[in-house]
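Undergrad: Residue numbers (the UniProt record's numbering): 1 to 174. In this text, a Cβ means the ideal position worked out from N, Cα and C, and glycines have one as well. Below is the structure I would like to discuss, written out as structure tokens.
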Amino acid sequence: MFSLSSAIIMNAGQILGQLAAKYHYVGTRIEGKWNDFLDVIGDDPQTVWVFGTTAVFMLVYWLNASWYTFMDITNRPKFVRKYKIQPGKNEPVEMKKLFEGILNVLMNQTIVGIPMYFVLYHTLFKVCCSEGPIRELPTLQKILFDIVVVSIMEEFNFYYIHRLMHHKAIYKYV
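So, in structure tokens, the structure goes:
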């Protein structure tokens, strides 16, 4: 039994070592591209964090939303339509309502989002967190640690905020 657990630990160590070596190679290439990008837009951390966060958030959101918008406009593909939660509702989608919704989301992402990211930037990086060099990307260990911490915080916050919203004193307003 001892030899099996030792073999598993040694194997895990080898796998992590290979992963770290590959990450170092890929990380070096990505860091080079990152520095090329910073050469174009500049080294101002506030610009990178505020507008970069906005751009990444909007890109991810609209890439995903465009798929659902396409399905609402065309009612295709049919094999996915069977999973629609409220079949028959908003089919076909009214273009006026669609454009109003798109405008509302864009307003929230820019008029609300950019000032919010600005406040968060100054709160997180100027008050409680140290800001590393903008041209230096995080290590693999830092990335994995941050993913674990954020995942735990997200689950905890989502559960308790969701539970709070179902409280009888609040639920009637939500």
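1. Taking Cβ positions, are T54 and I102 nearer each other than 8 Å?
2. Going by DSSP in three states, G42 sits in which element: helix, strand or coil?
3. Look at the alpha carbon of N64 and the alpha carbon of V80, and state the distance between them as a whole number of angstroms.
4. Between which two residues does the alpha helix (DSSP H) carrying I111 extend?
5. At which residues does the alpha helix (DSSP H) containing L144 begin and terminate?
6. Suppose you measure from the CA of R135 to the CA of D43; what does that come to, to the nearest Å?
7. Between which residues of its own chain and L137 is the CB-CB distance below 8 Å, once the five residues before and five after are set aside?
8. Return the first residue and the last residue of the alpha helix (DSSP H) that K78 is part of.
TA: Let me spell this out:
1. no
2. coil
3. 15 Å
4. Premise fails: I111 is in no alpha helix (DSSP H) and is neither H nor E.
5. 140–165
6. 8 Å
7. G27, I30, E31, W34
8. 78–81
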